[in-house]
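For reference, the structure is listed below as structure tokens.
In the numbering used here, the protein residues as written are 4 to 97.
Structure (structure tokens):
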């Protein structure tokens, strides 16, 4: 983790827009086959595409692997999400 910013290592690697791996993933905010929203060390990351699947997710290590056709990757501030204080899985199992 970076001492100055409090951020860990965040990396995205996609091959042919179809398979990829990500690091620096803190939480899964939402997902379906057309859109995945991840809370990362660099803010909220919205991934849009078709037939998106998370083939591996290890939040303890901050790692995720994805498959599907990726159309866009967009970052936004995660301040509103952080204020809720609940993870995706906590909201899911209410």
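Glycine included, every Cβ here is placed at the ideal spot set by N, Cα and C.
In the DSSP assignment, find the beta strand (DSSP E) that holds residue i and state where it starts and stops.
i          : result
residue 56 : 46-61
residue 33 : 28-34
residue 98 : Any property of residue 98 remains undetermined from this structure, which presents the chain solely from 4 to 97.
residue 71 : 66-79
Put residue i into one of helix, strand or coil per three-state DSSP.
i          : result
residue 12 : coil
residue 6  : Reliability of the predicted coordinates at residue 6 is poor, the pLDDT of 44 falling under 50, and the value obtained from them is presented with this limitation in mind. In the structure shown, residue 6 sits in coil (DSSP, three-state: anything other than H, G, I, E or B).
residue 20 : coil
Report the CB separation of residue i from residue j in whole angstroms; it is logged as a contact under 8 angstroms.
i          : j          : result
residue 70 : residue 21 : 7 angstroms
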